[in-house]
Amino acid sequence: MNSKVSVLKQQLARLDERITVAWQQEQKAAIEHIRQVMNFFNLVPNQLRVDRRGTYNTKPLQMKYQDPVTGATWTGRGRAPSWIRNRSYDEFLVRQPDGANPAARENRRNRQRAATDRHGE
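In this text, residue positions in the sequence shown follow the UniProt record's numbering: the first is 1, and each later residue adds one.
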């Protein structure tokens, strides 16, 4: 007994097979077209790569800590240098002139408020 569902499933299976074959044929045609264009322009595959290194506009980070003995600086990101490890970071904090970085100052205030709230002072 062939129900409508089984007939539709058979039709779907045949359509899926036809789609797969058509997709493979179009892929082959696309690859051949790409090869022709590459040959025409004398391109090699490595030239198609997009080198994303150095494409981002990044600002250099401001120094946040400085060793008074050597003058070495650290931005506060990444692994802490040996001259600051196991010591109070405040000892090495570089004081910014007023208005130099209002966002950092506000962030520092917020951290102080949060610490005060946690300790109930």
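Don't be surprised by glycine CBs; every beta carbon is placed ideally from N, CA and C.
Every value quoted in this text rests on a predicted model; they were computed, and no experiment measured them.
For residue 74, the number of other beta carbons within 10 angstroms of its own is at least 16, and it is reported as buried. Beta-bridge annotation (DSSP): residue 73 is paired with 66. Under DSSP, residue 93 shares a beta bridge with 65.
With 16 or more other Cβ atoms inside 10 Å of its own Cβ, residue 65 counts as buried.
Taking 8 Å as the cut-off, the beta carbon of residue 61 is found closer than this to the beta carbon of residue 77.
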